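Student: Can you keep this structure in mind? I'll have questions shortly.
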Amino acid sequence: MSTSNSMLEYLLENFKKTEPELPLYQKIVNIFSEAIKSNKITKDEKLPSERVLAKYIGVSRATVRRAFEDLSASGLLKKKHGASSLVNLRVEKTLSSLKGFSEELRDRGTIPKQKWLLKEISLPTPSETISLGISPMQNVIRLVRIRFADDVPIAIEKAAVPQNFLSSPDLVTDSLYAALLLCKKSPVRGTQRIRAGVMTRAEAEALNSSVGAPLLIIERQCFLENGRAVEFTETRYHGERYDFISDLQSDQLIR
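Per my numbering, the sequence shown starts with residue 1329, numbered consecutively.
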(Lines of atoms letter the chains of each structure in order from A and count residues from 1; the text may use other names and numbers.)
(Lines give C-alpha, C1' and ligand atoms only; values in the text may rest on other atoms or scores of the structure.)
Protein backbone atom coordinates (compact mmCIF):
# COMPACT_ATOMS: atom_id res chain seq x y z
CA MET A 1 0.00 0.00 0.00
CA SER A 2 1.58 3.25 -1.09
CA THR A 3 -0.29 5.78 1.07
CA SER A 4 -1.58 6.07 4.61
CA ASN A 5 -5.08 6.73 3.25
CA SER A 6 -5.15 3.45 1.32
CA MET A 7 -3.97 1.61 4.43
CA LEU A 8 -6.70 3.24 6.53
CA GLU A 9 -9.33 2.37 3.93
CA TYR A 10 -8.10 -1.23 3.83
CA LEU A 11 -8.23 -1.47 7.62
CA LEU A 12 -11.72 0.03 7.88
CA GLU A 13 -13.11 -2.15 5.09
CA ASN A 14 -11.80 -5.34 6.66
CA PHE A 15 -12.61 -4.21 10.19
CA LYS A 16 -16.29 -4.17 9.24
CA LYS A 17 -16.04 -7.73 7.89
CA THR A 18 -14.51 -9.30 10.99
CA GLU A 19 -16.36 -11.61 13.34
CA PRO A 20 -18.36 -9.45 15.78
CA GLU A 21 -17.50 -11.56 18.84
CA LEU A 22 -13.74 -10.93 18.50
CA PRO A 23 -12.17 -8.30 20.80
CA LEU A 24 -11.58 -5.05 18.93
CA TYR A 25 -7.79 -5.15 19.35
CA GLN A 26 -7.70 -8.73 18.03
CA LYS A 27 -9.54 -7.66 14.88
CA ILE A 28 -6.81 -5.10 14.19
CA VAL A 29 -4.08 -7.68 14.87
CA ASN A 30 -5.69 -10.23 12.53
CA ILE A 31 -6.15 -7.71 9.71
CA PHE A 32 -2.54 -6.50 9.77
CA SER A 33 -1.14 -10.02 10.21
CA GLU A 34 -3.02 -11.24 7.14
CA ALA A 35 -2.01 -8.16 5.15
CA ILE A 36 1.66 -8.85 5.86
CA LYS A 37 1.46 -12.56 5.05
CA SER A 38 -0.28 -11.82 1.73
CA ASN A 39 2.19 -9.01 0.92
CA LYS A 40 -0.52 -6.34 0.81
CA ILE A 41 1.70 -4.40 3.21
CA THR A 42 5.40 -4.38 2.43
CA LYS A 43 8.48 -4.40 4.60
CA ASP A 44 9.12 -1.21 6.61
CA GLU A 45 5.88 0.43 5.46
CA LYS A 46 4.93 3.14 7.94
CA LEU A 47 1.79 2.79 10.04
CA PRO A 48 -0.49 5.72 10.79
CA SER A 49 -0.29 6.91 14.39
CA GLU A 50 -2.38 5.38 17.17
CA ARG A 51 -4.50 8.53 17.27
CA VAL A 52 -5.21 8.53 13.53
CA LEU A 53 -6.01 4.81 13.43
CA ALA A 54 -8.28 5.00 16.45
CA LYS A 55 -10.23 7.96 15.09
CA TYR A 56 -10.61 6.49 11.60
CA ILE A 57 -12.06 3.13 12.63
CA GLY A 58 -13.89 4.39 15.71
CA VAL A 59 -12.07 2.69 18.58
CA SER A 60 -10.09 3.95 21.56
CA ARG A 61 -6.36 4.63 21.41
CA ALA A 62 -5.94 2.01 24.15
CA THR A 63 -7.41 -0.58 21.75
CA VAL A 64 -4.98 0.36 18.98
CA ARG A 65 -2.09 0.41 21.48
CA ARG A 66 -2.97 -3.12 22.62
CA ALA A 67 -3.04 -4.29 19.00
CA PHE A 68 0.36 -2.68 18.35
CA GLU A 69 1.77 -4.38 21.46
CA ASP A 70 0.60 -7.79 20.22
CA LEU A 71 1.98 -7.16 16.73
CA SER A 72 5.30 -6.08 18.24
CA ALA A 73 5.46 -9.15 20.49
CA SER A 74 4.93 -11.42 17.48
CA GLY A 75 7.69 -9.63 15.56
CA LEU A 76 5.44 -8.02 12.97
CA LEU A 77 5.92 -4.49 14.22
CA LYS A 78 9.02 -2.54 15.13
CA LYS A 79 9.70 0.94 16.46
CA LYS A 80 11.97 3.15 14.39
CA HIS A 81 12.77 6.73 15.39
CA GLY A 82 9.65 6.89 17.52
CA ALA A 83 7.28 5.78 14.74
CA SER A 84 5.71 2.39 14.18
CA SER A 85 6.42 0.53 10.96
CA LEU A 86 5.40 -2.89 9.78
CA VAL A 87 7.92 -5.55 8.93
CA ASN A 88 7.27 -8.32 6.45
CA LEU A 89 9.00 -11.27 8.11
CA ARG A 90 8.69 -13.86 5.38
CA VAL A 91 12.33 -14.50 4.57
CA GLU A 92 13.14 -16.42 1.40
CA LYS A 93 15.68 -19.25 1.40
CA THR A 94 16.96 -20.83 -1.79
CA LEU A 95 17.28 -24.60 -1.55
CA SER A 96 19.43 -25.01 -4.65
CA SER A 97 22.54 -23.13 -3.44
CA LEU A 98 25.10 -23.88 -0.74
CA LYS A 99 24.99 -20.68 1.28
CA GLY A 100 25.08 -19.90 4.97
CA PHE A 101 22.27 -18.20 6.88
CA SER A 102 24.09 -14.87 7.23
CA GLU A 103 25.06 -14.68 3.57
CA GLU A 104 21.52 -15.40 2.39
CA LEU A 105 20.00 -12.71 4.60
CA ARG A 106 22.56 -10.10 3.57
CA ASP A 107 21.89 -10.92 -0.10
CA ARG A 108 18.24 -9.99 0.54
CA GLY A 109 18.99 -6.75 2.35
CA THR A 110 18.22 -8.12 5.81
CA ILE A 111 20.51 -7.80 8.83
CA PRO A 112 21.45 -11.21 10.32
CA LYS A 113 22.00 -11.52 14.06
CA GLN A 114 22.41 -14.38 16.49
CA LYS A 115 22.22 -15.40 20.12
CA TRP A 116 24.62 -18.14 21.09
CA LEU A 117 23.15 -20.88 23.26
CA LEU A 118 26.07 -23.31 23.19
CA LYS A 119 29.65 -23.60 21.94
CA GLU A 120 31.42 -26.75 23.01
CA ILE A 121 33.73 -29.64 22.19
CA SER A 122 32.06 -32.96 22.93
CA LEU A 123 31.47 -36.49 21.73
CA PRO A 124 28.97 -36.80 18.87
CA THR A 125 25.36 -37.85 19.24
CA PRO A 126 24.33 -41.05 17.41
CA SER A 127 22.80 -39.04 14.55
CA GLU A 128 25.95 -36.91 14.25
CA THR A 129 28.11 -40.04 14.21
CA ILE A 130 26.14 -41.44 11.29
CA SER A 131 25.75 -38.18 9.36
CA LEU A 132 29.42 -37.20 9.70
CA GLY A 133 30.76 -40.72 9.20
CA ILE A 134 32.95 -40.56 12.30
CA SER A 135 33.75 -42.72 15.31
CA PRO A 136 31.56 -42.33 18.44
CA MET A 137 34.79 -41.43 20.27
CA GLN A 138 35.81 -38.65 17.86
CA ASN A 139 35.12 -35.15 19.19
CA VAL A 140 32.97 -32.63 17.36
CA ILE A 141 32.57 -28.88 17.60
CA ARG A 142 28.91 -28.29 18.53
CA LEU A 143 27.31 -24.91 17.89
CA VAL A 144 23.76 -24.00 18.93
CA ARG A 145 22.25 -20.57 18.36
CA ILE A 146 19.07 -18.64 17.67
CA ARG A 147 19.14 -16.90 14.30
CA PHE A 148 17.55 -13.47 13.81
CA ALA A 149 16.54 -11.41 10.79
CA ASP A 150 16.23 -7.68 11.58
CA ASP A 151 15.99 -8.49 15.32
CA VAL A 152 13.20 -11.05 14.77
CA PRO A 153 13.91 -14.69 15.77
CA ILE A 154 13.70 -16.86 12.67
CA ALA A 155 15.33 -20.20 13.45
CA ILE A 156 17.15 -22.41 15.95
CA GLU A 157 20.34 -23.85 14.47
CA LYS A 158 22.37 -26.81 15.75
CA ALA A 159 25.60 -27.56 13.90
CA ALA A 160 28.30 -30.18 14.38
CA VAL A 161 31.74 -30.28 12.73
CA PRO A 162 34.47 -32.90 13.34
CA GLN A 163 37.15 -31.30 15.51
CA ASN A 164 39.90 -32.32 13.11
CA PHE A 165 38.36 -29.88 10.60
CA LEU A 166 37.69 -27.04 13.05
CA SER A 167 39.96 -27.00 16.09
CA SER A 168 37.95 -24.68 18.37
CA PRO A 169 34.34 -23.43 18.59
CA ASP A 170 35.73 -19.95 19.26
CA LEU A 171 36.80 -19.75 15.62
CA VAL A 172 33.12 -19.28 14.73
CA THR A 173 32.02 -15.74 15.53
CA ASP A 174 29.31 -15.23 12.91
CA SER A 175 29.51 -17.51 9.89
CA LEU A 176 30.46 -21.19 10.21
CA TYR A 177 31.36 -21.27 6.53
CA ALA A 178 33.72 -18.31 6.96
CA ALA A 179 35.50 -20.21 9.75
CA LEU A 180 35.75 -23.34 7.59
CA LEU A 181 37.15 -21.23 4.75
CA LEU A 182 39.91 -19.95 7.04
CA CYS A 183 40.72 -23.55 7.94
CA LYS A 184 40.73 -24.47 4.23
CA LYS A 185 37.86 -26.89 4.79
CA SER A 186 35.09 -25.28 2.75
CA PRO A 187 32.31 -27.65 1.66
CA VAL A 188 31.81 -28.08 -2.08
CA ARG A 189 28.44 -29.84 -2.06
CA GLY A 190 25.62 -30.72 0.29
CA THR A 191 22.37 -32.61 0.71
CA GLN A 192 19.28 -31.46 2.57
CA ARG A 193 16.31 -33.26 4.09
CA ILE A 194 13.16 -31.26 4.85
CA ARG A 195 10.30 -32.20 7.14
CA ALA A 196 7.51 -30.51 9.04
CA GLY A 197 7.21 -30.22 12.81
CA VAL A 198 5.59 -28.24 15.59
CA MET A 199 7.17 -26.12 18.30
CA THR A 200 7.82 -27.37 21.79
CA ARG A 201 7.49 -24.94 24.69
CA ALA A 202 11.24 -24.23 24.66
CA GLU A 203 11.25 -23.62 20.89
CA ALA A 204 8.20 -21.38 21.12
CA GLU A 205 9.90 -19.27 23.79
CA ALA A 206 13.10 -19.02 21.74
CA LEU A 207 11.23 -18.00 18.57
CA ASN A 208 8.71 -15.73 20.32
CA SER A 209 5.82 -17.87 19.15
CA SER A 210 3.30 -20.33 20.59
CA VAL A 211 3.45 -24.03 21.46
CA GLY A 212 2.32 -26.11 18.48
CA ALA A 213 3.14 -23.43 15.89
CA PRO A 214 4.51 -24.85 12.61
CA LEU A 215 8.19 -25.57 12.08
CA LEU A 216 10.14 -26.37 8.93
CA ILE A 217 13.09 -28.57 9.84
CA ILE A 218 16.08 -28.87 7.51
CA GLU A 219 18.92 -31.30 8.06
CA ARG A 220 21.99 -30.45 6.00
CA GLN A 221 25.08 -32.58 5.35
CA CYS A 222 27.99 -30.88 3.63
CA PHE A 223 31.02 -32.54 2.09
CA LEU A 224 34.59 -31.70 1.13
CA GLU A 225 35.98 -32.33 -2.33
CA ASN A 226 37.35 -35.70 -1.16
CA GLY A 227 33.88 -36.83 -0.08
CA ARG A 228 34.41 -36.44 3.68
CA ALA A 229 31.47 -35.01 5.62
CA VAL A 230 32.48 -31.67 7.16
CA GLU A 231 29.19 -30.43 8.60
CA PHE A 232 25.87 -31.73 9.91
CA THR A 233 23.33 -29.03 10.76
CA GLU A 234 19.71 -29.19 11.88
CA THR A 235 17.87 -25.90 11.56
CA ARG A 236 14.34 -25.47 12.88
CA TYR A 237 12.72 -22.56 11.03
CA HIS A 238 9.63 -20.65 12.16
CA GLY A 239 7.10 -21.94 9.63
CA GLU A 240 5.25 -18.63 9.36
CA ARG A 241 8.36 -16.51 8.76
CA TYR A 242 10.24 -18.46 6.11
CA ASP A 243 9.58 -19.34 2.46
CA PHE A 244 11.70 -21.96 0.73
CA ILE A 245 12.39 -21.58 -2.99
CA SER A 246 13.75 -24.21 -5.34
CA ASP A 247 14.66 -23.65 -9.00
CA LEU A 248 13.40 -26.46 -11.21
CA GLN A 249 14.71 -27.21 -14.69
CA SER A 250 13.67 -29.74 -17.28
CA ASP A 251 16.28 -31.58 -19.32
CA GLN A 252 13.84 -31.86 -22.19
CA LEU A 253 10.69 -29.89 -22.84
CA ILE A 254 7.72 -31.93 -23.99
CA ARG A 255 5.58 -30.00 -26.46
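Beta carbons are placed, not taken as given, at the ideal position from N, Cα and C, and that holds for glycine. From a predicted model like this one, the values you see are computed outputs, not experimental measurements.
Closest to residue 1476 by CA distance: which of 1354, 1564, 1385 and 1356 is it?
Tutor: 1564
Student: Where residue 1498 and residue 1471 are concerned, what is the direct C-alpha to C-alpha distance, given to the nearest angstrom?
Tutor: 10 angstroms
Student: How many Å lie between residue 1595 and residue 1566 at the Cα?
Tutor: Because the chain here runs from 1329 to 1583, residue 1595 falls outside it and cannot be looked at.
Student: Are at least three pairs of beta-carbons, each pair with one atom in the segment 1427–1443 and one in the segment 1383–1390, less than 8 angstroms apart?
Tutor: no
Student: Quick check on this structure: which residue in 1548, 1536, 1345 and 1532 has the alpha carbon closest to the alpha carbon of residue 1458?
Tutor: 1548
Student: How would you call residue 1478, buried or exposed, if buried means at least 16 neighbouring beta carbons within 10 angstroms?
Tutor: buried
Student: Can you tell me which of the three DSSP states residue 1341 falls into?
Tutor: For residue 1341, the secondary structure class from DSSP, reduced to helix, strand or coil, is helix.
Student: Do residue 1541 and residue 1532 count as a contact pair if the criterion is CB distance below 8 angstroms?
Tutor: yes
Student: Alpha carbon to alpha carbon, what distance is there between residue 1560 and residue 1525?
Tutor: 19 angstroms
Student: In the DSSP assignment, find the alpha helix (DSSP H) that holds residue 1459 and state where it starts and stops.
Tutor: 1454–1460
Student: So, helix, strand or coil for residue 1429, using DSSP?
Tutor: helix
Student: How many Å lie between residue 1341 and residue 1468 at the Cα?
Tutor: 57 angstroms
Student: When you compare only the Cα positions, how much space is there between residue 1583 and residue 1518?
Tutor: Reliability fails at residue 1583, whose pLDDT of 48 lies under 50, so the model's placement of it is uncertain and the value that follows must be treated cautiously. Cα to Cα, residue 1583 sits roughly 33 angstroms from residue 1518.
Student: Would a C-beta distance cut-off of 8 angstroms place residue 1552 and residue 1516 closer than the cut-off?
Tutor: Contact flag set, yes.
Student: Locate the beta strand (DSSP E) running through residue 1350, then write down its first and last residues.
Tutor: Unbroken run through residue 1350: none, as it is neither H nor E.
Student: Just to confirm the assignment: which complete beta strand (DSSP E) runs, minimum length 3, are found wholly within the segment 1512–1540?
Tutor: 1517–1526
Student: Which of the three DSSP states is assigned to residue 1561 in this structure?
Tutor: strand
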